Structures are given as structure tokens and as C-alpha cells.
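Report on one structure; see the data block that follows.
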């Protein structure tokens, strides 16, 4: 199946903007947000990017939330490719592509591995949504063996 996409090359990695048939890439997104109906809330209104480097290594979806404000709704790196710079490459790509982005937000579970990753990418903690995972998901969510309760929002300002 042919994809409608734009291709951008950076550091021998190909980043494609996916404009149609986004659902065919859902499997990797489900690693970061395991409930498909939650992904459905932002997938079509967001812009999706896939990073290839001898196969798909990472994906993300970003939405425009207001004047100069974007939210990284989902970023997922294939488990065997984590800690190799693919996630950070996507985030840096987004900042260089969205020149009108003054603030990028991202919401994540309150677990050290996720918070450390975003802080290494220049994000700082902004606020929390209390009981987000308990109130919005149809089953308990766990990451790194810890049940997710609150969503921690981080921000990166230009």
C-alpha cells in the first residue's frame, strides 16, 4: 500500500510525515499509549512522523494546541532500539520543523524512566492531572512495575 507522506533526512535517518492510513502504524504507538480509543482521540487531528533507519525505529504524533503551543501526544521507540537516540532525534526534529512552536508540552506517567528521558531532552515539569490514568483508562495502567495514577505534564520552551 502506498503512503502519502513527506520525507526528510537527518543523520542518515529518514523521517516521514504520514498523512494517510495512520492506523497502519498503531502497533508501535500502542507501546506508549496502550488503549487504542485514547490514541483515536488525537491520531487524526495530529501530525504523525515515522523515523526509519533500516526499518521503523520510532513514531510520534504532535498536535497544535494554541498559538505557539504544541503537544507531543505520543512518542514510541521500538523496544530493541531504545536508548539509541531515536526518541531524542524525533523531538529535536519537531523543534526544528515547527518553527512557530514556542512551547512543547508532553504528558506522561509518573515513572523515573519517562521523566528522566524528557528532562534529558530539555523538558521541565509543568503540572499534573490528578488521577488521569485511573479516570480515563478502562484498566489499570502499569509502567516499570508501577501503577500509573497521575499524568505529569512537562514543557520545553524555545
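Numbering (UniProt numbering), first residue to last: 1 to 158.
Virtual Cβ for every residue (Gly too), placed ideally from N, Cα, C.
All figures in this text were calculated on a predicted structure; none of them were measured in a lab.
Handout entry: 6 Å Cβ shell around residue 156 - same chain, five flanking residues per side excluded
Key = 104, 122 and 123
Handout entry: Distance, residue 106 Cα to residue 127 Cα
Key = 10 Å
Problem - Distance CB(residue 93)-CB(residue 15) smaller than 7 Å - result: yes
Practice task
Scan the UniProt domain "N-acetyltransferase" (13 to 149) and note each continuous beta strand (DSSP E) run of 3 residues or more that stays entirely inside, going in chain order.
Solution key: 13 to 18, 47 to 52, 56 to 66, 69 to 77, 103 to 109 and 124 to 129
Handout entry: Cβ-based neighbour list, residue 147, same chain, cut-off 6 Å, excluding 5 preceding and 5 following
Key = Within the same chain, residue 147 has close Cβ partners 140.
Handout entry: Proximal residues to residue 98 (C-beta, below 7 Å), its chain only, five neighbours per side dropped
Key = 70
Exercise for the section: May I have the straight-line CA-CA distance separating residue 138 from residue 131, to the nearest angstrom? Expected result: 13 Å
Practice task
Determine the direct distance from the alpha carbon of residue 17 to that of residue 151, and round the result to whole angstroms.
Solution key: 27 Å
Problem - Status (buried if at least 16 other CB within 10 Å, exposed otherwise) for residue 145 - result: exposed
Exercise for the section: In the DSSP assignment, find the beta strand (DSSP E) that holds residue 155 and state where it starts and stops. Expected result: For residue 155, the enclosing beta strand (DSSP E) starts and ends at 151 to 157.
Practice task
Take residue 143 and list the residues in its own chain whose beta-carbon comes closer than 6 Å to its own, dropping the five residues that flank it on each side.
Solution key: 109 and 111
Practice task
Pull up the distance between the alpha-carbon of residue 96 and that of residue 88, whole angstroms please.
Solution key: Going by the C-alpha atoms only, they are around 12 Å apart.
Exercise for the section: Using only alpha-carbon positions, find the residue among 114, 81, 135 and 134 that is nearest to residue 154. Expected result: 114
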